[in-house]
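Residue numbers (our numbering): 191 to 400. Cβ atoms here follow ideal geometry from the backbone N, Cα and C, with glycine treated the same way. Every value quoted in this text rests on a predicted model; they were computed, and no experiment measured them. Following: one structure in structure tokens, then a few remarks.
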């Protein structure tokens with residue numbers, strides 16, 4: 191800086207506040223239920239499938255992936271979520287059934303499914319429409335709610351996953367939880383894997399769902 195400049199020099203050792211965050215909106219379930227899901231999928235993990243398994247602390251149901259969001263837009267996202275939450279009632283969510291995307295024989299993502307009940311679909315749709323009014327792309331793909339259990343690390347075809355379909359069909363798990371809030375979450379990516387942080391939570395305050 192030249193003479194008379196009043197620009198502040200960066201302070202060594204201090205990083206600037208990030209101008210954007212990798213965000214998504216999710217439903218989180220109690221630790222007890224996450225543990226039940228993890229235990230139910232043990233037979234899959236015991237096999238030598240080329241899969242990077244997700245730890246139960248990271249299990250969540252993504253309602254809306256927002257991607258990189260400018261920090262300045264955070265209050266807008268939170269205001270929209272609060273508006274949707276206050277018009278949505280708490281509801282029961284049924285979890286069960288194991289599968290994979292795009293197919294169980296050549297999977298990229300292994301999951302346990304969630305029943306796309308009217309209450310859950312309405313919550314998802316209300317968030318999509320409300321956020322689209324503020325410049326966020328509206329998801330047009332069919333909604334397949336799920337908890338991700340693992341991600342394939344090989345695309346060698348069905349040979350690497352022989353027997354997965356039979357194993358998944360034989361797994362026994364059914365769960366039901368009360369959904370009473372939605373969470374705005376930040377994804378921190380690193381070489382050791384993702385870490386998720388709840389930035390804010392919004393209780394569902396509308397008429398009770400079934």
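query                                                                                                                                                                      : result
Do residue 228 and residue 246 come within 8 Å of each other at the CB atom, strictly closer than that value?                                                              : yes
Between the beta-carbon of residue 289 and the beta-carbon of residue 363, is there less than 8 Å?                                                                         : no
Determine the direct distance from the alpha carbon of residue 384 to that of residue 277, and round the result to whole angstroms.                                        : 32 Å
Can you give the Cα-Cα distance for residue 365 and residue 307, rounded to whole angstroms?                                                                               : 14 Å
Can you check the segment 219-246 for any beta strand (DSSP E) of at least 3 residues that lies completely inside it and give the ranges in chain order?                   : 241-243
With a threshold of 7 Å on Cβ separation, who are the neighbours of residue 318 within its own chain once the five nearest residues in sequence on each side are excluded? : 254, 328 and 329
Can you list the alpha helix (DSSP H) stretches of 4 or more residues lying completely in the segment 344-381, in chain order?                                             : 354-360
Could you tell me the alpha carbon to alpha carbon distance between residue 237 and residue 298, rounded to whole angstroms?                                               : 16 Å
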